[in-house]
Amino acid sequence: MSKPVYLGELLLYWCPACNVPVLGKKCSCGNITQKVSITPPGDIRPAFAHDIEHINAVSQEQFGQPLVPDDRIVVLNKAPYDDRMDEIIVDGQVIASIRFEVDRLKWVLLPRLAGARRLFQGKDLSKLKNWVILDRSALQFIVKGANVLAPGIENADPDICELDEAVVLTPDKEVVATGRARMSGERMLERERGVGVKTRWKGMPEEQATPSGGQTWDDVVRANEDILDTFIEKGHQFIENVAATVKRPVSVSYSGGKDSLAMLQLVDECLDDYDILFADTGLEFPETLENVTMIGDRYNKPIRSISVGDAFWRSVDDFGPPAMEARWCCKVCKLGPITQLIEDNYENGCLTFIGQRKYESEARARSERVWKNPWVGNQIGASPIQDWTALHVWLYIFKHDLPYNPLYEQGYDRIGCWLCPSSSLADLVRLKKTHPRREARLTQYLLEYAKQRGLSSQWVEYGLWRWKKLPLTMATLASDHGINVIPTHDPEQELTFAQTSGYRPCKEGGMSAEGSFNTAVDLSRLETTGMLRVVGKVLYIEGVASVSHDEDRAQVFASGTLTTRSDTEHRAKELMHRVELSVRRGLKCMGCGVCVGKCPNNAITIRNGMACIDSICDQCGRCLNVCPVVKFGSVGHGE
Ligand code: SF4
Ligand code: SF4
Ligand SMILES: [Zn+2]
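Right, here's the structure in full:
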């Protein structure tokens, strides 16, 4: 399990009088609240009806009984884990966790004592599942932390399977522990030697107090009114200050997600003049696109948008499936179009409010509240909701009854591209239910990719395609399940380059070297794109492109051969590398536009879906290494 990460203060409290969550030490009713102990980072959020149904369905299947009563406010807290895991908070207590276990490809509910008491205490065991009754003599050892040994078991549900979550009771049917069964119920009943239940939570028998229910989210909004007002006011001040200081046209980046919605509302409350920006990655959920249109109407603002259409599917054959460490799609489908959007609309740059929050990730927690976008020339980014948890965002959305994306009511807690490699496997499995056609397209592509490379279909099933290099837990899972994750062959469409000679002194002085691409080079495409200008002055004559810069000389032949000469071996090597990358870029550019904003001389324009470099290029080289073709072009899975 991953280590807990603190990204900010843990802000979940509970008002005992109102029986609702409060984001601070005092409820609006005047009562002092009680701290709820949750796992950091603590980006708490409301459970929607769908979340509660899901929890209850899993609980019903495991224990024969739903966990959460209908009339309760439920808060979820995303906890660090290999895949999705949420702590479930009801009546001011963490009563269980629910997580997607990748090796079993299923959701599992892990009740704590408070949850197990709700399920079992005072109930008729004949209708319940996965219970174990201790022999009275074993009780004192279990409450002190020991595992339940099979000989210490008086009775058990015979249908328990190994690895099921089990609840341990005293002979008087009081809950004293929960944990994972290490053998079947039948073997427990035979009192075999060994551990019957590996306990996780344990404690002395206790009555389960349940405060009265019936609260609604409106009650929660009311209880948080004072705290929320303080956050809102700070947000307004921030927006007004930044807008007054930066003095550029103001835009709001809207993504269709809850954070950008809350931020848009905040901006709208204090500024009249702003635009809404939306970059359509071509991988948006249909619900997101509908929501964006709805938002334009509600705020009565034109939406400045750009769409890359099916850029992802046009590029995927060149790059392979995107991976956590190689999210080429972010550049091709997101960064490129955003750059373009800003360049097209704001000649002298703009200020963009962006709904990013520190509780989302370490990178975001480290980020400033105002920053200069390193990718898009002249864009200043600023986040007015940097310190908000997801619960602040939701309460603010509920307070104003804002039209949020309906996907949140289908179990999604983050909304972005539907096939993002940073999605959990749980999200990808859910996609099959919510958007089956999209899921089928992705799976079909991945299976074909795997087949061509001799990878097992389980590489797709277990979501292992999401990494170039598997994290330890996933590598262990692959080895346990006998899944081949190393390609056995390469379908050979990749452009490769090899140096064919060592560095040799040449007659005219200096050092020379030779190399070759595995295919002929389309020189007319190189000429149209002007990519070799990044290396030097270029002359195209009869099947050869000759490049010169100071003492450096390089020649690219249509046959795929490349020669370079420079005064030292080191420089000849660098030159060869730079020419190789420029050729790659020229041949494989998919017009993403990422390089456009990087050029200090405005030398790059996108024409006919390709980047074209003008003669004003001064060879600074900034556009070269940012290009996804150069960055991700030649890295295969399993390497
Ligand atoms: S970024 Fe530098 S190398 Fe690239 S086109 Fe612009 S001036 Fe030329
Ligand atoms: S050359 Fe520019 S537009 Fe083309 S793929 Fe590279 S970064 Fe994108
Ligand atoms: Zn209260």
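Residue numbers (the working numbering): 384 to 1022. Just so it is clear, CB atoms sit at the ideal spot from N, CA and C, and this is done for glycine as well.
Distance, Cα to Cα, residue i vs residue j?
i	j	result
arginine 747	serine 884	47 angstroms
cysteine 398	glutamine 620	29 angstroms
glutamate 667	cysteine 800	5 angstroms
tryptophan 777	glycine 732	32 angstroms
glutamate 392	isoleucine 768	15 angstroms
serine 636	glycine 719	15 angstroms
asparagine 402	leucine 394	16 angstroms
alanine 440	aspartate 434	10 angstroms
isoleucine 686	leucine 734	16 angstroms
aspartate 796	serine 442	21 angstroms
glutamate 925	glutamine 938	12 angstroms
tyrosine 779	glutamine 648	9 angstroms
alanine 881	phenylalanine 940	15 angstroms
valine 625	proline 632	12 angstroms
valine 356	isoleucine 471	The question about residue 356 has no answer, for the chain in this structure spans 384 to 1022.
aspartate 602	aspartate 486	40 angstroms
With distances taken from CA atoms, which of the options is nearest residue i?
i	options	result
isoleucine 543	Val927, Leu790, Met566	Met566
tryptophan 584	Pro494, Trp842, Val977, Ile689	Pro494
arginine 1023	Asn761, Lys630, His783	What is shown of the chain runs 384 to 1022, which leaves residue 1023 out entirely.
histidine 872	Glu891, Arg836, Trp490	Arg836
alanine 1032	Pro399, Phe880, Val580	No answer is possible for residue 1032: it lies beyond the span of the chain, which begins at 384 and ends at 1022.
cysteine 740	Leu964, Pro632, Leu829, Ile427	Checking the sequence, you will find arginine at residue 740 rather than cysteine. Among Leu964, Pro632, Leu829, Ile427, the Cα nearest to that of arginine 740 is on Ile427.
serine 690	Leu660, Glu392, Lys510, Trp771	Leu660
proline 705	Leu802, Asn683, Ala896, Lys684	Leu802
arginine 574	Val515, Ile622, Lys617, Asp602	Val515
threonine 593	Ser509, Asp474, Leu724	Asp474
leucine 811	Lys409, Tyr779, Trp848	Trp848
glutamate 910	Ile721, Arg968, Gln648, Lys506	Arg968
aspartate 1002	Asp935, Ser899, Asp700	It should be pointed out that residue 1002 corresponds to glutamine in this sequence rather than to aspartate. The shortest C-alpha separation from glutamine 1002 is found at Asp935.
histidine 775	Gly738, Pro983, Ile989, Arg1005	Gly738
lysine 907	Ala928, Gly919, Ser899	Residue 907 is actually serine in this sequence, not lysine. Out of Ala928, Gly919, Ser899, Ala928 has the C-alpha closest to the C-alpha of serine 907.
Can you tell me whether residue i sits near ligand 3, meaning its C-beta is under 8 angstroms from at least one heavy atom of the ligand?
i	result
asparagine 530	no
serine 595	no
glycine 407	no
valine 403	yes
cysteine 1006	no
glycine 1040	No answer is possible for residue 1040: the residues shown for the chain start at 384 and end at 1022.
serine 411	yes
Ligand 1 and residue i: does any heavy atom of the ligand fall closer than 8 angstroms to the residue's C-beta?
i	result
asparagine 984	yes
arginine 916	yes
glutamine 1002	yes
isoleucine 989	no
Would residue i and residue j be called neighbours here (beta carbons separated by less than 9 angstroms)?
i	j	result
alanine 499	isoleucine 438	no
glycine 425	threonine 416	no
glutamate 831	phenylalanine 431	no
leucine 578	alanine 533	Note that residue 578 corresponds to valine in the displayed sequence, not to leucine. Contact flag set, yes.
aspartate 555	asparagine 513	no
isoleucine 798	glycine 679	no
glycine 665	phenylalanine 695	yes
phenylalanine 503	valine 558	yes
valine 917	isoleucine 996	yes
tyrosine 389	lysine 418	no
histidine 699	serine 688	Per the sequence presented here, residue 699 reads as valine, with histidine not at that position. It is not a contact, given that the beta carbons lie outside the stated cut-off.
tryptophan 754	alanine 765	yes
tryptophan 490	arginine 482	yes
Let me check you understand the geometry: is the CB of residue i closer than 8 angstroms to at least one non-hydrogen atom of ligand 5?
i	result
lysine 971	The model on display carries ligand 1, ligand 2 and ligand 3 but not ligand 5.
Tell me where the alpha helix (DSSP H) around residue i begins and ends.
i	result
isoleucine 622	608–629
glutamine 443	432–446
glutamine 762	Unbroken run through glutamine 762 is the beta strand (DSSP E), 762–765; no alpha helix (DSSP H).
leucine 855	855–863
proline 819	819–836
glycine 969	952–971
Could you check where the beta strand (DSSP E) with residue i kicks off and where it finishes?
i	result
asparagine 538	536–539
glutamine 476	476–484
threonine 988	987–990
leucine 492	489–494
tryptophan 584	578–585
aspartate 651	Looking at the DSSP string, aspartate 651 is not in any beta strand (DSSP E); the run it does join, the alpha helix (DSSP H), is 641–653.
glycine 882	Before going further, note that residue 882 is glutamine rather than glycine in the sequence given. It spans 880–882 - the beta strand (DSSP E) in which glutamine 882 sits, taken as one unbroken run.
leucine 1023	With the chain represented from 384 up to 1022, any question about residue 1023 goes unanswered, as that position is not in the structure.
phenylalanine 940	935–940
Does the Cβ of residue i lie closer than 8 angstroms to at least one heavy atom of ligand 2?
i	result
valine 759	no
valine 977	yes
valine 1013	yes
valine 1009	yes
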